[in-house]
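Heads up, the thing below is written out as C-alpha cells.
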Amino acid sequence: MLAAQPALRIDAHPIDYALVAVYFALVLGIGFIARRSVSTSLDFLLSGRSLPAWVTGLAFMSANLGATELLGQTANGAQYGIQTVHYYWIGAIPAMVFLGLVMMPFYYGSKVRSVPEFLRRRFNPATQRIQAVLFAVASVLLAGVNLYAMAIVVNALLGWPTWVAVVVAGAVVLSYTFLGGLSAAIYNEVLQFFVIVAAMVPLTLVGLHRVGGWHGLTAKLSGQPHGQADLSPFPGHELTGIHSGVGSAFGVVLGLGFITSFGYWTTNFTEVQRAFSAKSASAAQRTPLIAAFPKTLIAFVIVVPGMIAAVLVPQIAHLRQGLPSGAQYNDVVPLLLQELLPNGFLGVALAGLLASFMAGMAANVSSFNTVFTYDIWQDWVKPGKPDAYYLRVGRLVTVAGTALAVGTAFIAAGFGNIMDYIQTLFSFFNVPLFAVFILGMFWKRMTGTAGWSALVAGTVGAVAVFVLNRTGIVHFSGQGSSYVGGGVGFVLAILVAVAVSLVTAPKPDAELVGLVRSVTPRAARTVEREPGWYRSPAVLSVGVLALTAACYVAFSV
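Residue numbers (numbering that gives the first Met the number 0): 0 to 556.
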C-alpha cells in the first residue's frame with residue numbers, strides 16, 4: 000500500500016491546498032447548475048442530445064484523459080520511452096477518424112441511446128443483453144482504475160491510507176454525477192481538459208529545463224538499458240514484447256493500431272456517449288474528429304514527463320536498471336511533482352491530476368448508468384415504466400456504480416503499470432465487440448445468433464490468453480499478452496460469427512436499413528453539412544492525419 004511509502008509524500012503548502020479546494024468547489028458547482036436542466040431520463044443519461052460539437056469534442060477527449068493517460072501513459076513513457084506515442088497516434092487517430100466518417104452516421108441516425116441498443120436492432124435482444132453486461136463489468140473495472148490513480152495522488156498529498164483516499168475520491172465524483180448526470184460530467188470534462196493542460200505543460204517544461212532540453216534528455220536516456228531503442232517509435236520491442244523487428248512492428252500496427260484501437264474508439268460507449276449527446280448528426284460526426292487534434296498533441300506533455308522521470312528521479316531510474324527501487328512506474332507523476340514544481344504551481348498540478356482521474360471515472364460511471372438503466376433495466380428487467388421511474392433508477396445506479404468502483408480500485412493496485420491492466424481489459428471487452436460490430440455493419444448475412452455467440456467466444460479467447468500468460472504456460476513480456484489476447488479474441492469472434500451465420504437465418508434486408516451499409520441508401524448515410532470549411536469532416540480528417548504523420552516523421556528521423 001502506498002500509505003507505507005512516506006518517500007512519496009508531496010510537500011504541499013496551504014496555497015496548494017487552497018487551489019485544490021477551489022477546483023473542487025467549481026466541480027461541485029457545475030453539478031448543482033446542471034441539475035436544473037435534468038427533468039427526464041434522457042436529460043440525465045444523454046444530456047437531452049443538445050450539446051454543441053466543440054463541447055462534445057473536448058469531452059470526448061477528456062473522457063479518455065483519465066488514469067489511462069496521466070498515470071498509465073507517463074508510466075509507459077518512463078518504461079518504454081518514445082514507443083509510447085503509438086498509443087496516441089497509430090493507436091487512436093485512425094480509429095477516431097473512422098468513427099467520425101463511417102460509423103457515427105449509423106449511430107446517431109438510428110437514434111439509439113447506447114451501443115448495446117444498436118446491437119439489439121442489428122442482431123437480437125440476446126446480443127444486446129450480453130454486451131450490456133460485459134460493458135457494465137468493464138465500466139466498473141475501469142472506473143476503479145481511475146479511483147485508484149486518484150488515491151495515489153491523495154495519499155501523496157495528504158498521507159491518507161489508500162482505502163480512505165479511494166472512498167473520498169469516489170464520493171466527490173458521485174456528488175456531481177448524481178446531481179447533474181451526463182451534462183455535469185461533460186461540462187466538468189471540458190473544464191478538466193484545460194486544468195490538465197495547465198498542469199502538465201509546466202511539468203514538462205520545467206523537467207526539460209532540468210535535464211538540459213530535449214538533446215540532454217535523449218543523451219541521458221541512451222546510456223540506460225534499452226535506452227537507444229526507447230528513443231525511436233519503431234520497431235517497439237519493449238512495448239510489444241516481440242523480439243523480431245518485423246513481428247514487433249506488425250504487432251504495433253495490427254495489434255494496437257487496428258484490433259485494440261478500433262475496438263476501443265469505435266465501440267466503447269464511454270467515448271461514443273459523448274457524441275450521442277451532440278445536438279445534431281453533423282455535430283456528432285465532428286465530435287471524434289475535433290477530439291483527435293488535442294489527442295495528437297497531448298502526447299507531448301504525457302509521454303515526455305515519463306521519459307524525464309526515467310533520468311531525473313532516482314527511484315524510476317533504478318527500476319529501468321533492474322535495481323531495488325521502492326517505487327513503481329505508476330508513481331512517476333507524484334515523484335515528478337515532488338521533484339520539480341514549486342508551491343503554487345504544485346497546487347495547479349495537483350488539481351490537474353485530480354481533474355484527470357475524476358474525468359475518467361465520471362465517464363465510466365455515466366456510461367455505466369446509461370447502459371444499465373436503458374439496456375438492462377428498461378429493456379430487460381422492468382420494461383414499460385414511466386420515465387420518472389427510469390430517472391430514479393439512473394440516479395440509484397450511479398451510486399451503485401461508484402460503490403462497485405471503490406471495490407475494483409484495489410484490483411488495479413496489483414499491477415505495477417496501470418496501462419498493463421487497462422490494455423488487458425480492452426482485449427477482453429472491446430476487441431470482440433469490434434469484430435462483431437464491424438462484420439455486422441458490412442455483412443448483411445450475419446445473424447442474431449452469430450452476434451451473441453461471437454461476443455462470448457471472442458471474450459473467452461482473450462481471457463484464456465491472459466490466464467495462460469499469468470500462469471506461465473506461455474510468456475509475453477511488456478504488453479504483448481494484451482495484443483496477442485486481443486488478436487485471438489478478434490479472430491475467434493470473426494470465425495464463430497461466420498460459421499454460425501452460415502447455419503442460421505439472417506434478418507430480411509428491410510429490417511437492416513440504417514444498420515448495415517450495403518442495404519442503407521446513400522442519402523440515408525449522408526450527414527447534412529453545416530456551413531464553414533472548418534466544419535467539413537473531410538477537412539478535419541485530412542488535417543489530423545497529416546498532423547499525426549508529421550509527428551511520426553519528427554520522432555523517426
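The C-beta atom is built at its ideal place from N, Cα and C for all residues, glycine as well. If you're wondering where the values come from, they're calculated on a predicted model, not measured in any experiment.
Check: Status (buried if at least 16 other CB within 10 Å, exposed otherwise) for E510; Outcome: exposed
Check: Residues bridged to L50 [DSSP beta-bridge criterion]; Outcome: A277
Check: Neighbour-count burial assignment, R469, 16 or more Cβ in a 10 Å radius; Outcome: exposed
Check: Three CB pairs or more closer than 8 angstroms across the stretch 364 to 372 and the stretch 391 to 406; Outcome: yes
Check: Cβ-based neighbour list, E68, same chain, cut-off 6 angstroms, excluding 5 preceding and 5 following; Outcome: I301
Check: Where H12 falls: helix, strand or coil (DSSP); Outcome: coil
Check: The stretch 259 to 270 touching the stretch 82 to 92, judged by at least three CB pairs closer than 8 angstroms; Outcome: yes
Check: Pair within 8 angstroms by beta-carbon distance, T458 and F427; Outcome: yes
Check: Rounded C-alpha distance that separates F554 from N123; Outcome: 47 angstroms
Check: A463 versus G484 - alpha carbon distance; Outcome: 8 angstroms
Check: L133 in three-state terms, based on DSSP; Outcome: helix
Check: Classification of A6 by the beta-carbon crowding that lies within 10 angstroms, buried from 16 upward; Outcome: Residue confidence is low: A6 scores 45 on pLDDT, short of 50, so the model does not pin down where it sits. Its coordinate-derived value is still stated next. Classification of A6: exposed, given that the 10 Å Cβ count is below 16.
Check: Minimum Cβ-Cβ distance from G447 to chain C less than 8 angstroms; Outcome: No chain C appears in the structure shown, which is made up of a single protein chain.
Check: Bounding residues of the alpha helix (DSSP H) (the contiguous stretch that carries H214); Outcome: 212 to 221
Check: Presumed contact (8 angstroms Cβ cut-off) between S281 and E529, rounded CB distance; Outcome: 5 angstroms
Check: Own chain partners of K443 with C-beta closer than 7 angstroms, once the 5 adjacent residues on each side are dropped; Outcome: P505, D508, L511, V515, S517, V518
Check: Beta-carbon contacts of V165 that lie in its chain and below 6 angstroms, excluding the five residues immediately before and after; Outcome: L146, A150, V405, A408
Check: As assigned by DSSP and simplified to three states, the class of G321; Outcome: coil
Check: As assigned by DSSP and simplified to three states, the class of S540; Outcome: helix
Check: Any 3 or more C-beta pairs closer than 8 angstroms across the stretch 97 to 105 and the stretch 306 to 322; Outcome: no
Check: Residues of its chain near Q4, where Cβ-Cβ distance is below 6 angstroms and the 5 sequence neighbours each way are ignored; Outcome: Note that Q4 scores 42 on pLDDT, short of 50, meaning its location in the model is unreliable; the coordinates nonetheless yield the value given after this. Closer than 6 angstroms at Cβ, skipping near neighbours: no residue.
Check: Residues near E338 by beta carbon distance below 7 angstroms, same chain, minus five either side; Outcome: L311, V312
Check: Contact under 8 angstroms by Cβ, A77 with G305; Outcome: yes
Check: Neighbour-count burial assignment, I472, 16 or more Cβ in a 10 Å radius; Outcome: exposed
Check: Identity of the residue in V331, A326, T369, S480 nearest A461 by Cα; Outcome: S480
Check: Same chain, Cβ closer than 8 angstroms to K597, five either side skipped, listed in chain order; Outcome: The question about residue 597 has no answer, for the chain in this structure spans 0 to 556.
Check: V392 versus W379: straight-line alpha-carbon distance, rounded; Outcome: 14 angstroms
Check: Alpha carbon of A559 to alpha carbon of V200, nearest angstrom; Outcome: Only positions 0 to 556 of the chain appear in the structure, and residue 559 is not among them; the question remains open.
Check: Member of A198, A170, R119, V114 whose CA lies at the smallest distance from the CA of L18; Outcome: A198
Check: Per-residue DSSP class, three states only, for E529; Outcome: coil
Check: Cβ shell of S324 (< 6 angstroms), same chain only, five flanking positions each side left out; Outcome: Q314, H317, L318
Check: Beta-carbon separation (whole angstroms), V144 vs Y420, contact threshold 8 angstroms; Outcome: 7 angstroms
Check: Three-way DSSP call (helix, strand, coil) for V370 in this model; Outcome: helix
Check: 8 angstroms Cβ cutoff met for S452 and V499; Outcome: yes
Check: V300, enclosing alpha helix (DSSP H) - first and last residue; Outcome: 299 to 311
Check: With 16 other Cβ atoms within 10 Å as the buried cut-off, status of W532; Outcome: exposed
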